[in-house]
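Q: If you want my numbering, it's the 1-based position in the sequence shown plus 176.
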Amino acid sequence: GPILETITKIAEDDFFTAIEITRIKDPEIRAKAKEILVSSGLAVGYGAQPVVLSTPLNPNSLDEDERKKAVTILKECIDEAQFMGAERMAFLSGKDPGDKDREAGFDALVKTTRELCDYAETKCMGIALETFDNEIDKKSLIGPSELAADFASAVNRRNFGLMVDLSHLPLLEESPEECAWYVKDHVVHLHVGNCVMKEGHPAYGDAHPRFGIEDGENDVYELAEFLKAFMDIGFLNGERQPFMSFEVKPLPNESSEIVIANAKRALNQAWAMI
């Protein structure tokens, strides 16, 4: 959508204390967006997930040239994230290569992630890997929360952490408690949203529809469960203000403004339940 108008809308709404952006190709628009963000006082997150998915890149490719291409482009994203005032850049793994090559893919992803972490460290920045479904839609290597925790331990960089998304948990067949327990030592960012598991539905898979959509998996109750699980592990009530963001989008016949209002209502109601 229209980048500057969207950023301005969020910057003008004091409900939000943070915003997540992605690559802005036009340098002029990027500079103007930065001005808005600087004056807004919003914390900035930078997600390179759309870059990985749209290019597409495979950070766990067993073809070294492909893997290096992913590293090069993601380093450019780190540069842009720094320019935009973000503390961290997030990305996701490539496709799960299947049983035979999974271990080699895991090792390749560790190598990629360490290279990104070491580069980000020179800019006093962090890196996050977001976990996605491994079977239904994105079919990503990482993946289930247990594997994600093993991965974060293997990366072993102090500026690395995991991002988990409520909308991916039904796709991974995980409960919020399970997920939170596995990632408790590594989580740095939460996404909240919804998904639909019913085949044939216009929002089937990982499409981030609004909370409470018919045949959807997540509404206020599930959101409250998720918040409580991450409070129980000390992430949502620790010393430092945690990073949590909505990831919702309208269906073709819905208005963005109403879907955003729906998300804010759901979050307010979920907090009230805890």
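We treat Cβ as the ideally placed atom computed from N, Cα and C, and that holds for glycine.
Per DSSP, residue 341 forms a beta bridge with which residues?
A: For the purposes of this step, residue 341 is identified with residue 165 of the sequence shown, where counting begins at 1. DSSP lists 367 as partners of residue 341.
Q: Can you have a look at residue 276 and say buried or exposed, based on whether 16 or more other CB atoms are within 10 angstroms of its CB?
A: What you label residue 276 is simply residue 100 of the sequence shown in a count that begins at 1. Label assigned to residue 276: exposed.
Q: Note down, in chain order, each residue of its chain lying with its Cβ closer than 8 Å to the Cβ of residue 350, except the 5 sequence neighbours on either side.
A: The residue given as residue 350 occupies position 174 in the sequence shown. These residues qualify, in order along the chain: 320, 321.
Q: Closer than 8 Å is the cut-off here; do at least three beta carbon pairs connect the region 244-255 with the region 325-340?
A: no
Q: Going by the beta-carbon positions, is the gap between residue 368 and residue 420 smaller than 8 Å?
A: As a position in the sequence shown, residue 368 is number 192, starting the count at 1. As a position in the sequence shown, residue 420 is number 244, starting the count at 1. In this structure, residue 420 lies closer than 8 Å to residue 368 by Cβ.
Q: Does the region 222-236 come close enough to the region 200-210 that 3 or more CB-CB pairs lie under 8 Å?
A: The answer is no - the region 222-236 does not touch the region 200-210, with fewer than three Cβ pairs under 8 Å.
Q: Is residue 328 close to chain E, meaning its C-beta is less than 8 Å from at least one C-beta of that chain?
A: Here chain E cannot be found, since the structure has a single protein chain.
Q: In the DSSP output, what is residue 219 paired with across the bridge?
A: Translated into the one-based positions of the sequence shown, residue 219 becomes position 43. Partner residues in the beta bridge of residue 219, as assigned by DSSP, are 194.
Q: Just to confirm, is the Cβ distance from residue 313 to residue 392 under 8 Å?
A: Here residue 313 is taken as the residue at index 137 of the sequence shown, counted from 1. Here residue 392 is taken as the residue at index 216 of the sequence shown, counted from 1. Residue 392 is positioned such that its CB atom lies no closer than 8 Å to that of residue 313.
Q: Per DSSP, which one or two residues make a beta bridge with residue 303?
A: Against the sequence shown, residue 303 aligns to sequence position 127. Partner(s): 265, 336.
Q: How far does the alpha helix (DSSP H) with residue 422 in it reach, from first residue to last?
A: Mapped onto the sequence shown, residue 422 falls at position 246. Taken as a continuous stretch (DSSP letters only), residue 422 belongs to no alpha helix (DSSP H), being part of the beta strand (DSSP E) at 419-422.
Q: Determine the DSSP secondary structure at residue 271, reduced to helix, strand or coil.
A: Here residue 271 refers to the residue found at position 95 of the sequence shown. In this structure, residue 271 counts as strand in the three-state DSSP scheme.
Q: What are the start and end residues of the alpha helix (DSSP H) that includes residue 403?
A: Working through the sequence shown from its first residue, we reach residue 403 at position 227. In the DSSP assignment, residue 403 falls within the unbroken alpha helix (DSSP H) covering 396-408.
Q: Below 8 Å CB to CB, which residues in the same chain sit around residue 137 once its five sequence neighbours on both sides are set aside?
A: Any answer about residue 137 is impossible in this case: the structure gives the chain only from 177 up to 450.
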